[in-house]
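Structure, as C-alpha cells:
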Amino acid sequence: MANHSLALRHQFDDVVQQKDASTFGMWLFLTTEVLFFGGMFCCYTVYRSLYPAAFGVASNHLSLLWGGVSTAVLICSSFSMACAVNSGATGKKNAIVGYLAITILFAAAFLAIEMSEWHGLYQEGLMPGFNFTFHEGDARHVQLFYSLYFSMTGLHASHVTIGIGILLTMLVRAARGAFSAEYYTPIEISGLYWHFVDLVWIYLFPLYYLIARHVHQG
Amino acid sequence: MITATVQTRDNYLTHEYGVKSWLLTQDHKRIALLYLAAISFFFFLGGVFATVIRVELLTPPGDLVSSQTYNKLFTLHGVIMIFLFMIPSIPATLGNFLVPMMIGAKDLAFPKINLLSWYIFMAGGALVMYAMLIGGVDTGWTFYTPFSTSYANSYVILTAVGIFITGFSSILTGLNFIVTIHRMRAPGLTWFRLPLFIWSMYATSIIQVLGTPVIAVTLLLVAVERGFHIGIFDPSLGGDPVLFQHLFWFYSHPAVYIMVLPGMGIVSEIVSVYSRKKVFGYRFVAFSSVAIAVLGFLVWGHHMFVSSQSVYASLVFSFLSFMVAVPSAIKVFNWTATLYKGSISYDTPMLYAFGFIGLFTIGGLTGTFLATLGFDVHVTDTYFVVAHFHYIMVGGTMMAYLGGLHYWWPKITGRMYPEAWAKLSALVVFLGFNLTFFPQFIMGYLGMPRRYHAYPPEFQIYHVLSTAGASVLAVGYLIPAIYFVWAMRYGKPAPDNPWGATGLEWQTTSPPPPENFEITPVVTHEAYDYSILEEMTVG
Amino acid sequence: MNPNFQLVPEAASSTASHLDHLTAYLLIVATIFTVLIFACIFYFAIKYRRRADHERPVEVEGAMTLEILWTVVPFLLMMVMFGWGASIFFEMSRPPDDAMNIYVVGKQWMWKTQHLEGRREINELHVPLGRPVKLTMTSEDVIHSFYMPAFRVKFDVLPGRYTTAWFNPTKPGKYHLFCAEYCGTLHSGMIGWIYVMEPAEYERWLAGETESLAASGQQLFQFLACANCHRTDKPGRCPNLEGLFGKPVQLTTGEIVKADEDYIRESILNPGAKIVAGYQNIMPSFQGLVTEEELLKLIEYIKSLSKLPQQPALVPSGQKAAAQRPAPNVNR
Amino acid sequence: MSEHIVTKKQYGYVFAILLILTLTTTWASYFDLGKLNVVVALVIATIKATLVVLFFMHVYWSSKLNKIVVVSGVAWLALLLWLTLTDIVSRGWLPFPGK
Ligand code: HEA
Ligand code: HEA
Ligand code: CUA
Ligand SMILES: [Cu+2]
C-alpha cells in the first residue's frame, strides 16, 4: 500500500481520481490519433472513389499472404497485451513481464514482415519517390495508391515502433516491481495505445489488400 | 523578480529561485509565464513583419522590398501570428494560469505534460524561426498545393514540420484542460456554477483535440509530397489540390474559434465584474460556446466557394456558416444585456471588453457577408477578407487578450499596472485599429486582391490610411509592453481581490501560493453571485 | 469617375448590379446591428456608471423571450442572406446556353486567352458588349484565380481540370483583370485588362485572323496522328469521335460518364483511366506531348464534330478541311 | 469507474473471433459482389474494431464519459469524410442539372 500512495501525485486528491484522469486522458489522446490517421483515410476514401479501377489493379500487386499474416500477428500481439493487463490487474509480476515480452516479439515480427514487403515493392518498382516504374494502364493513379499505401503504413509502422519503445519501458518497470494489483495504470494505458495500433491495421488490411481480389486473381 | 519585502507570504514566484526552477517547473502558473514570454516575443516579431508589409504598401509599385521578400513577409506574418501567437495565446497563458485556479484545483491533471507541451511548442517555434533565418517561406499561411509542394522555392518542409510540432503542444494543452475540468473541480463546483471562462476553455479544448490532428497530418503529407516528389495533392501526379484545401480548412476554420472562444470567455468575466452583475443568460452563453465548437466543424467549405468545389457543397457550407453565427449573436446580445442596470466602472479591462464586443460584431457581421455565396465570389481573396479576420482577431481576440492581461495582472504578478497609461493605450489601440483595417473593407470591395506586392494606383489612398492606422496601432501596443515590464517591479502591490470579483482565483492571495489555495475551497454559490462579496471583503 | 477615390467599384456586367443590390441589403443589416450594439454599450455605460464604490445593482435575471427574440430575428435575416446569395451564386455558375466560349490558360505569371476564331492574347481579353461570355479555364502550373472586379466575377483556375466562369458585359470600357489566388513570386504582376467593345468594333478586331481554333485543332489531330486510329471510315478498333461531345459514354467498368471537356482532356493525357466499353486500352498517352493550349484546340475540334454533324468537311477523313467558322453561335 | 477485471479466457474468445473474422473477410473478397465488396470488407472490419474497443480496451465496462469520447472520435472522422465527399460526389452535378 505504501507503494501506491507514493505514486499519488500532489495535484490529485486520491488514487481513483488519478487513475480515472489518466485513462480519460489516454482516451482523449486516442481520439486525436483517430483523426490523425483520419486525414489520411480521408485522402484514401476520396481517391478510391475517384479511381476505383486503378486502386484495384494496384492492390493486387500487394502480397495477400503477408498482409494476412501480419494482420494475424498484430491480433496475437493485442491478445498477449490484453493478457499482460490482466496480469497487471491480478498483480502477477512475472506474468506481466512474460506477456509484455511476447507482445514485443509479435510487434517486432510485424515490423520485420512489413519491411520485407516494402523491400519487395521497391524491387518491383512500386515505391513512388524512390523507384516507380509501373507503366500499364492508369499508372498515375496506381502511383497515387502506392503513395498513400506507403504514407499510411509508414505512419502506422512509426506507431508500432513507438509502441515497442513504450512496452519495453513497461517491461523494465514491471521487472523492477513497480506495479501491483493496486497500481498498474501505466500498463493499462500502454495497452490502450497498443490496441489502437492494432485497430488501425484492422482497417488498413481490407482497404489495401482486399480491394479487387475477385477481379484479377493472383 | 518580486522582492520579499513586499510579499511576506510564500508565493509561486518566490517559492523557488533560479533559471532551473523555471525551466523544470511543473507549476501551471509558472508554465503560463513561460508561455507568456514566448508568445509575446512571437507577437512582436509578427508585428514587425506587419509593419514592413504596411510600409511597403504605402506606394503602388513594389519599391521597398522585392516580390519574393514581400511574399515571405506576409507568409511569416500569418504563420507566426496564427500558429505561434494567437492559437496558444489565451489558452496557454491565461488559460494555463486560471483553469486550475478557477475550479479550485492545485494544478492541471498532468503537470509534466503541461511542461512538455511548452517544450514542444518551443521546439516547433524554433524550427519555424530557423526556417525563417535561413531564407523563409513564401506559400502564404494556407500552404495551398500544388504551389507549396511542387513550385515554391523556399523552406516549406521545415516550416510545415515546425507547425506540425507546435500542433502537438496545442493538442496536449487541450487534452490537459478537458481532463482537468472534468475530473478536478472543487467540491460543490457543478457545471453550471463554473465561470464562463472555463466553459469557453472547455469548448476551445474540444476543438484543439479534435481538429489539430488533421492539420498535423495534412502538413505532414505536404512535407512528404514535397520531399519525395510523390503525388498526393499534385494534379500532375494524379492528385487533387482541392482535397488539400478540404483537409486544411477542416482544421483551420475550427481554429478560428480556437482563437476567439477564449477571448469570449474573458469578456464574459470582465463584463460581469465591472458591472457587478451576473452574466445575462448564463446558460445561453455557456451552451453557445459548446455550440460554436461543434457547429464550427461543419462550415469549412466556405473558404472554397470559388475553388471549384461543387456548387451543392458550397450551398451546404454556406447554410451551415449562418448556423454557426447564431450562437455568436447570442453571446453578443447577452453581454450587452448584462450592462443593463449594472454598476459599470471604466477600468481598463472593461474598456477592452467594450472594444471587443463592438469590433467582434463588425468582424462577425462581415463574416456573414462572406458566408453569403454570391457576395463571396466577388470579395474572396481580396482585402475585404483581410479586414474581416483582422477585425475579429486583432479587434476581437487581441483586445480580449489585453483586457484579460490587465484584469489578471494583479493576480499574476502581485502588482497593479498604471491605470492612466493603460486607459490611454486602450484608446490608442481602438482608434489605430479602426484606422488600419476599416479602409481595407472598402478597398476589398473595390477589388484590391490580397497578397499583392504592387497594386494599381487607385487603391493608394486606402493603403495610406491603413498604414497610418498601423503606426498608431503600433504605438498602442508599445505602451503596455513598456508599462507591464515596469509594473513587474515598480507597480503598487496588489490586494487579493482588487476588482471585487467572485471567482475562486480571487479568494487566494496575490500572487497565489504554489498550490494555489491554503485549503481546498468549497463552492456554495453560482458564478458571479456578488452577494457573497460583502462576506468576503469583510472577512 | 475620379480614379483616386471611389467607394463602390464600377458595375459593368449584369451580375454586378444584382450583386450590388445584395450588398446594399447586407450593409443595411450590418449597420443596424452595429449601431444597435454600439448605442446600447454607450447608453448603458453612461446611464449605469458606477456612482458609489460599494454600490450593488439589483440582479436582472435572464429573460427567455429576449433570448428567443435575438436568436430568431438574426436567424431570419441571415436566411434571407443565404437565399439571396445562393440565387446569385447559381446565376453566376450557370452560363447561358448561347454564351460565346473563350479559353483561358493561366501560368506563372501570365494569362493567355484564346478566341474560338483563333485570335490569341496575353494578359488582355477583348469581348463584345452585350453578349454573354463563357470562360473555360485551366492552368499550366499552380492554382490561379481569374478576377474581374468590375464584373464581380472570380473563379479559381486549376491545373489538370477545367473550370468555368461567365459574365455579360453591359458597359464598354477598360477594366482590371487580376489574379486573385496566390501563385508565387509575381502573383501581383499577373494582371491585365479586359476591353469591352462595341460588337462591330469587336468584329473588326477579330477579323484578319485566318484560322479558327477548331481548324488548328483539326490540323493537330492530323499532325499527332490521332486520325490514324480515330477514323470514321474504318470503325472498330477506336471509337468514332463524331457527335461525342456532351454525350454519355459507357465505360468498361459499367460506369457512365459525360463526355465533357475534362473527360476529353483525360482521354488524351491519361487514356488508361477511363476505357470506353468495347475497346482496348491501346491509345497512347499524350502527356507531355501536347501543351494546354493545344489540348484546348483538340477539344474545340472534337466539340465541333458534334456541333455540325451534317457537315462532312469537318469529319476527320484525311483531307484538310477549308478554314471555316466551326460553330454557328459565334458568327452572329 | 468500476474496476472490472477481464479474465484471460474472455480475452481468448475475442481473440479467436478476431482471427476467424480475418479469414472470413479475406475469403469474402474473392467473390465478385460488385459494390458490396467494399461494404462487406468494411462491415467486418468494423465488427473487429468494435470487439477490440469494447473488450480489449474495456470500453464495455467503462464510464459513460469514456464511451462519449470514443463515439465522438469516430463521429468527427465520419464528419470529415462525409462533408468532403459531399463535394467529391456532387462535383459533376451542376451547373447543368439534367444535362
Ligand atoms: C478568430 C477568427 C475568426 C472568427 C471568429 C471568424 C468568424 C466567422 N467567419 Fe471568418 N475568417 C477568419 C477568421 C475568423 N472568422 C480568417 C483568418 C479568415 C481568412 C483565412 C484566409 O483565407 O487566410 C476568415 C475567412 C472567412 C471566410 C472566407 C472568405 C474567403 O476567403 O472568401 C468566410 C466565409 O464564409 C468567413 C465567415 C465567417 C463567419 C460567418 C463567422 C461567424 O462565426 C461570425 C459570427 C458573428 C456574428 C454574426 C456577429 C455577432 C452577431 C450579431 C451582432 C447579431 C446580428 C447578426 C446578423 C443579423 C447576421 N470567414
Ligand atoms: C492573430 C493574427 C494576426 C494579427 C495580430 C495581425 C496583426 C496585423 N496585421 Fe495581419 N494577417 C494575419 C493575422 C494577423 N495579423 C493573417 C493570418 C494574414 C494572412 C497571411 C497570408 O495571406 O498568408 C494577415 C495578413 C495581413 C495583411 C495582408 C497582407 C497581404 O495580403 O498582402 C496586412 C496588410 O495590411 C496585415 C496587417 C496587419 C497589421 C498592421 C497588424 C497589426 O495589428 C500589428 C500590430 C503590432 C505591431 C506593430 C507590433 C507591436 C509594436 C511594436 C513592436 C512597436 C514597434 C513597432 C513600430 C514602431 C512600427 N496582415
Ligand atoms: Cu496567378 Cu496569382
Ligand atoms: Cu472559416
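Protein chains in written order, with our numbering: chain A, 12 to 229; chain B, 1381 to 1919; chain C, 2 to 333; chain D, 398 to 496.
Where is the CB? At the ideal position from N, CA and C, for every residue including glycine.
Please determine, among the options, the residue with the shortest C-alpha to C-alpha distance to residue i.
i	options	result
GLY1475 (chain B)	B:SER1550, B:ARG1434, B:PRO1441, B:ILE1514	B:SER1550
GLY1619 (chain B)	C:LEU23, C:ARG121, C:LEU159	C:LEU159
VAL1594 (chain B)	D:VAL467, D:LEU478, D:ALA425, D:VAL411	D:LEU478
LYS1803 (chain B)	B:TYR1726, B:VAL1757, B:ALA1867	B:TYR1726
ARG238 (chain C)	C:GLU256, C:ASN124, C:VAL277, C:THR32	C:VAL277
LEU215 (chain A)	D:TYR457, D:ALA446, D:MET454	D:ALA446
ARG266 (chain C)	C:THR292, C:LYS108, C:ARG205	C:THR292
ASN97 (chain A)	A:GLU199, A:PRO217, A:THR82, A:LEU41	A:GLU199
SER74 (chain A)	A:GLY131, A:PHE48, A:ILE107	A:GLY131
LEU297 (chain C)	C:PHE179, C:CYS184, C:PRO240, C:MET138	C:MET138
ASN1533 (chain B)	B:ALA1907, B:THR1449, B:ILE1462	B:THR1449
VAL1691 (chain B)	C:SER94, C:LEU225, C:VAL134	C:SER94
ALA240 (chain A)	A:SER91, A:ASP209, A:GLY99, A:VAL27	The structure shown does not extend to residue 240 (chain A), since chain A is modelled only from 12 to 229, so the question has no answer here.
GLU1906 (chain B)	B:PRO1575, B:ILE1514, B:SER1688, B:LEU1538	B:PRO1575
LEU46 (chain A)	B:GLY1427, B:PHE1677, B:LEU1826, B:TYR1870	B:PHE1677
Between residue i and chain C, is there a C-beta pair that is closer than 8 Å?
i	result
GLY102 (chain A)	no
HIS167 (chain A)	no
HIS72 (chain A)	no
GLY136 (chain A)	no
ALA69 (chain A)	no
PRO1441 (chain B)	no
Establish whether the CB of residue i and some CB of chain B are separated by less than 8 Å.
i	result
SER487 (chain D)	yes
LEU476 (chain D)	yes
ARG242 (chain A)	This structure cannot settle anything about residue 242 (chain A), because the visible part of chain A is limited to 12 through 229.
ASP429 (chain D)	no
Please state whether the Cβ-Cβ distance between residue i and residue j is less than 8 Å.
i	j	result
HIS1626 (chain B)	THR481 (chain D)	yes
LYS155 (chain C)	PHE168 (chain C)	no
SER81 (chain A)	ALA118 (chain A)	no
Using a Cβ cut-off of 8 Å (strictly closer), state whether residue i contacts chain A.
i	result
THR139 (chain C)	no
ASN229 (chain C)	no
ILE417 (chain D)	no
GLY273 (chain C)	yes
THR1546 (chain B)	no
LEU1393 (chain B)	no
VAL436 (chain D)	no
GLN311 (chain C)	Low local confidence applies: a pLDDT of 44 at GLN311 (chain C) is under 50, so the model's placement there is unreliable, and no value is given.
ASN124 (chain C)	no
ASN282 (chain C)	yes
PRO1901 (chain B)	no
Quick one: is residue i near chain D, going by C-beta distance under 8 Å?
i	result
VAL1757 (chain B)	no
VAL1594 (chain B)	yes
PHE1557 (chain B)	no
TRP38 (chain A)	yes
ILE213 (chain A)	yes
Compute the beta-carbon to beta-carbon distance between residue i and residue j, rounded to the nearest angstrom, for a pair I have assumed lies under 8 Å.
i	j	result
VAL1640 (chain B)	THR1718 (chain B)	Incorrect: roughly 19 Å between the Cβ atoms, too far for contact.
PRO58 (chain C)	GLY1661 (chain B)	Not a contact, Cβ separation roughly 17 Å.
PHE1657 (chain B)	GLU92 (chain C)	First, the residue type needs correcting, since residue 1657 (chain B) is Lys and not Phe in the sequence shown. Actually they are not in contact, since the Cβ atoms of LYS1657 (chain B) and GLU92 (chain C) sit about 49 Å apart, beyond 8 Å.
LEU1853 (chain B)	VAL1809 (chain B)	6 Å
I want to know whether the stretch 1545 to 1564 of chain B touches the stretch 1580 to 1594 of chain B - three or more CB-CB distances under 8 Å. yes
Quick test of the definition: if touching needs 3 or more C-beta pairs under 8 Å, does the stretch 1793 to 1809 of chain B touch the stretch 1747 to 1754 of chain B? no
Indicate whether the contact test is met: 3 or more Cβ pairs, each with one atom in the stretch 457 to 471 of chain D and one in the stretch 1601 to 1614 of chain B, closer than 8 Å. no
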